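In the UniProt record's numbering, the protein residues as written are 1 to 182. Only one structure is covered here, and it is reproduced in the block below.
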């Protein structure tokens with residue numbers, strides 16, 4: 001159970017032969033993009049690594065004006081879902097298609113974030129695992145603030161967990177949540 005995430009470290013309660021202890025682990029961040037997000041992704045990979053995050057760049061590695069974002073964004077989302085405690089960033093021109101692609105992965109919760117408030121709320125209320133970011137929509141300073149906020153904000157749980165559970169049940173069973181009586 002992760003209790004605190006500050007910058008690149010997560011404080012986790014773990015059990016050993018002597019009982020519960022606390023340890024810090026580096027937060028792993030998966031990044032994927034298309035050609036429109038490649039330059040920003042490369043900057044973020046270097047910056048996050050310098051800040052101490054464990055960074056995994058799923059591509060692309062080189063600029064190709066004809067590349068397609070789905071393979072990179074789906075792969076980033078697949079890895080985040082399979083790696084508890086990790087987070088992801090999917091980056092394109094607007095972030096829209098990248099966020100949609102990531103959300104096709106069962107268990108992924110990707111949010112399009114466009115300022116620090118939406119980044120914070122996506123984590124606090126939706127426990128977003130990935131952020132979709134538009135490289136053509138923001139200055140570098142804005143993106144750094146958005147990313148820092150996304151990566152350091154914790155999920156609030158409570159009523160928000162109930163809503164996430166409803167969506168997870170729908171995803172698993174295909175049965176929509178019951179409408180409340182009116």
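We treat Cβ as the ideally placed atom computed from N, Cα and C, and that holds for glycine. Fair warning: this is a prediction, and the values are worked out from it, not measured in the lab.
If you draw a straight line from the Cα of residue 94 to the Cα of residue 34, it is about 11 Å long. A straight-line Cα-Cα distance of about 12 Å links residue 71 and residue 99.
Pairing residue 136 with residue 37, the inter-Cα distance amounts to about 8 Å.
Around the C-beta of residue 104, fewer than 16 other C-beta atoms lie within 10 Å, and the residue is accordingly described as exposed. The stretch 28–76 contains, as complete beta strand (DSSP E) runs of 3+ residues, the segments 28–33 and 54–57 (chain order). DSSP places residue 153 outside both helix and strand once states are collapsed to three, so it counts as coil. Under the three-state reduction of DSSP output, residue 131 falls in the strand class.
The Cβ-Cβ distance between residue 29 and residue 112 does not fall below 8 Å. By the CB criterion at 8 Å, residue 109 and residue 154 fall outside the cutoff.
Membership of residue 174 in any alpha helix (DSSP H) is not indicated, and neither H nor E is assigned to it by DSSP. Under DSSP, residue 111 forms a beta bridge with 131. At a Cβ-Cβ threshold of 8 Å, residue 57 and residue 74 do not count as neighbours. Just measuring C-alpha positions, the residue of 177, 160, 158 and 131 sitting nearest residue 146 is 131. Of the candidates 168, 27, 162 and 177, the residue whose Cα lies closest to the Cα of residue 86 is 27. About 5 Å separates the CB atoms of residue 129 and residue 80; that is less than 8 Å, so the two are in contact. Among the bridge pairs identified by DSSP, residue 118 is matched with none. With a beta-carbon spacing of about 6 Å, residue 69 and residue 101 fall inside the 8 Å limit used to define contacts.
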